[in-house]
Amino acid sequence: MIEDARLVAVGSRSQERANAFAEQYGAEHAAGTYEQTFEGPRIDAVYIATPHSGHLELTLLCLRRGIPVLCEKPLGMSYGAVEQMVLAARESGVYLMEALWSRFLPALVEAKKAIDGGAIGRVEGLRADFGFLGQPREDYSRDRLYNPALGGGALLDIGIYPIWLAQYIFGAPVEINATARVTDAGADVDTQVTLRYAGGALAHCYSTLLGITKCDALLLGSEGALHIHPRFHESRGYSVLRGKNDPPVNHYHPFDGKGYLFEARAVMEDVRAGRRESAQWSLEDSLLLHKTLTEVRRQIGVSYAGE
């Protein structure tokens, strides 16, 4: 539970699903269309958690009504879509943030502070992976995860996490190289991305729907390494590794629940303070991330309708 937060309304394409969700989580108002969501109690902010293909339309719907938005990652299915959303937010002066909840987890925040403070010396590289076993090939057509019309594929669902982490540590890449295994329908299911940064550091980012990985992240430095405990995108700790005979120095940052509360609290603070975007995960951060993701898709041959 989050202090001072209350679920007042839920919107769905189905009245039945909206009613069930509202009953389960105690929402006051359940709407069978997204537009009707706003016909109930006053809404201070909206969290958009539809399939990727709905993010642009629904974000613009909320921004036009002057309602702050926390939109689930990926903010848009392409760089162009994200540009459109950012422009709408800035022109209307309404708050918008992409829901990359990992950015707000204490373990990852503290790991970044340790790296910036020289805990492993000069950072030379990153290796991060995220994989799970998806549907058998014969079931691809039945699952939105493999449907390009819905933004399906490994990259936007889970590959975004390793690439986000690389950006969090290094900033903007100067070179992007990507390769992938793509289904006949056009969804990537096994994707490798290598990012090079000014100074020569490399980030190796891997995502797959073909098998389970450790969801590990390792930062390599001139004086040691920093291991973000798996699964890194929801980690509760990290370790600093130095000499081969030295024990790891462990840092634990436990929390209850899933960890979305840190992101939610940050948005609540921003909205109450009248801010138009987050200082921790800004709209410029989202634009840079989606510039990288869109270039990766160009290289692996994955495109979406309307591009």
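In the numbering used here, the protein residues as written are 4 to 310. Yeah, the Cβ is synthetic: ideal placement off N, Cα and C, and Gly gets one too.
If you ignore the 5 residues before and after Arg145, its C-beta comes within less than 8 Å of the C-beta of Gln138, all in its own chain and listed in chain order.
The residue from Ala52, Tyr37 and His32 with its alpha-carbon nearest to that of Gly43 is His32. Going by DSSP, Glu101 is part of the beta strand (DSSP E) stretching over Leu99 to Ala102. In the structure shown, Glu310 adopts coil according to DSSP, grouped into three states. In the DSSP assignment, Arg20 falls within the unbroken alpha helix (DSSP H) covering Gln18 to Tyr28.
With contacts defined by Cβ atoms closer than 8 Å, Gly128 and Leu205 form a contacting pair. As DSSP reads the structure, Glu38 sits in no beta bridge. Non-local beta-carbon contacts of Tyr82 in its own chain, meaning distances under 7 Å to residues more than five positions away in sequence, involve His293, Lys294 and Thr297 in chain order. In the assembly as shown, Gln170 is a buried residue. Its beta-carbon has 16 or more other beta-carbons within 10 Å. If you look at Val85, you'll find it isn't in any beta strand (DSSP E); it sits in the alpha helix (DSSP H) that goes Tyr82 to Ser95.
Put simply, of Gly35, Asn180 and Val185 the residue whose alpha carbon is nearest the alpha carbon of Tyr200 is Asn180.
A check of alpha carbon separations from Leu291 across Gly79, Arg45 and Ser95 identifies Gly79 as the nearest. In this structure, the CA atom of Arg45 is about 8 Å from the CA atom of Val11.
Exclusion of the five residues before and after Glu101 leaves Cys74, Lys76, Leu78, Trp284 and Ser289 as the residues of its chain whose Cβ lies within less than 7 Å of its Cβ. For Leu64, there is no enclosing beta strand (DSSP E); the enclosing alpha helix (DSSP H) has its first and last residue at His58 to Arg67. Between Phe107 and Glu266, the C-beta gap is smaller than 8 Å, which places the two residues in contact.
Distances from the CA of Ile161 to each of Val192, Pro109 and Gly224 were compared; the closest alpha carbon is that of Val192. For His55, the secondary structure class from DSSP, reduced to helix, strand or coil, is helix.
One thing to note: Asp47 has its Cβ no nearer than 8 Å to the Cβ of Val270.
In this structure, Ala131 is the residue among Ala131, Glu310 and Ser210 with its C-alpha nearest to the C-alpha of Pro233.
Annotation: Ala84 to Gly203 spans about 31 Å, alpha carbon to alpha carbon.
The secondary-structure analysis by DSSP pairs His254 across a beta bridge with Tyr241.
With a cut-off of 8 Å on Cβ pairs, the segment 90 to 101 is not in contact with the segment 219 to 229, counting fewer than three such pairs.
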